[in-house]
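Step one of this worksheet: look at the structure below.
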Ligand SMILES: [Fe+2]
Ligand SMILES: [Fe+2]
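Numbering (my numbering), first residue to last: 2 to 218.
Now the structure itself:
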């Protein structure tokens, strides 16, 4: 961890341990320097929000590529409209994070070209196992994303719920929609996929790696 990273972590720890919020006499937040690091409350907040928007943008992009892969294989089957409906919601999620990236001036992860290919191959590959394979992929990915969104909601609530209200509303709404996709996957026979437990574990391990990398690069 870089020197700045260590200082940021210490500052976050102090905030979480109840270090006083720095407010002016009129209740407005002021930007205050912590020790001699040059870090400010605003810059720490900024780093958290940057990381959240970058990784969520990457995740929604990856989800779009997965559904694109599934539709390429299963689009003309009876399950096609169900997959298309979930994909349409993922398009809205990605659109919102594209807007947030511009609004918050966050750069995308450098791994976007990689997620483009990996997402499509994962979607198409599991769809080649049949509709149950595609649905097993959906259950695995959506469960991971919902868990990831819950972690972010906790982080933002600990940081400053009022300040992050808009972002919290967006993430909560998307989390609920990812859980709906998860349930649709189960309703459509995900658990009947070949080697469901192994497949799900492998995909979720991949999701954890993707989240780790997209947050940092
Ligand atoms: Fe999504
Ligand atoms: Fe989803």
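From the three backbone atoms N, C-alpha and C, an ideal C-beta is built for every residue, glycine too. Nothing here was measured: the structure is a model prediction, and the numbers come from that model.
Open item on the list: Between residue 188 and ligand 2, is there a pair consisting of the residue's CB and a ligand heavy atom that are separated by less than 6 Å?
Closed with: As a first step, residue 188 must be located in the chain shown, where it is residue number 187. Not under cutoff, so the answer is no.
Open item on the list: If I follow the unbroken alpha helix (DSSP H) through residue 189, where does it start and stop?
Closed with: Here residue 189 corresponds to residue number 188 of the chain shown, with the count starting at 1. It is not in any alpha helix (DSSP H) - residue 189 carries neither H nor E in the DSSP assignment.
- [ ] Just the C-alpha distance for residue 187 and residue 180, rounded to the nearest angstrom, thanks.
- [x] Translated into the one-based positions of the chain shown, residue 187 becomes position 186. Translated into the one-based positions of the chain shown, residue 180 becomes position 179. Rounded to the nearest angstrom, the two C-alpha atoms are 11 Å apart.
Open item on the list: With a threshold of 6 Å (Cβ to nearest heavy atom), would residue 61 be considered close to ligand 2?
Closed with: In the chain shown, counting from the first residue as 1, residue 61 sits at position 60. No, the Cβ of residue 61 stays beyond 6 Å of every heavy atom of ligand 2.
TODO: Look at the alpha carbon of residue 217 and the alpha carbon of residue 109, and state the distance between them as a whole number of angstroms.
DONE: On the chain shown, position 216 is the one that residue 217 refers to. On the chain shown, position 108 is the one that residue 109 refers to. Roughly 11 Å between the two C-alpha positions.
- [ ] With DSSP as the reference, label residue 164 as helix, strand or coil.
- [x] The count along the chain shown starts at 1 and reaches residue 164 at position 163. Note: residue 164 maps to coil in three-state DSSP.
Open item on the list: Less than 7 Å between the C-beta atoms of residue 182 and residue 143, yes or no?
Closed with: In the chain shown, counting from the first residue as 1, residue 182 sits at position 181. In the chain shown, counting from the first residue as 1, residue 143 sits at position 142. Yes, the pair counts as a contact, with Cβ atoms nearer than the cut-off.
Task: Own chain partners of residue 73 with C-beta closer than 8 Å, once the 5 adjacent residues on each side are dropped - done: One-based indexing of the chain shown puts residue 73 at position 72. Around residue 73: 121, 124, 125 and 128.
Open item on the list: With the cut-off set at 7 Å, would you say residue 190 and residue 133 are in Cβ contact?
Closed with: Taking the first residue of the chain shown as 1, we reach residue 190 at position 189. Taking the first residue of the chain shown as 1, we reach residue 133 at position 132. Taking 7 Å as the Cβ cut-off, residue 190 and residue 133 qualify as a contacting pair.
Task: Heavy atom of ligand 2 within 6 Å of residue 58 beta-carbon - done: Taking the first residue of the chain shown as 1, we reach residue 58 at position 57. Flag unset: Cβ of residue 58 not near ligand 2.
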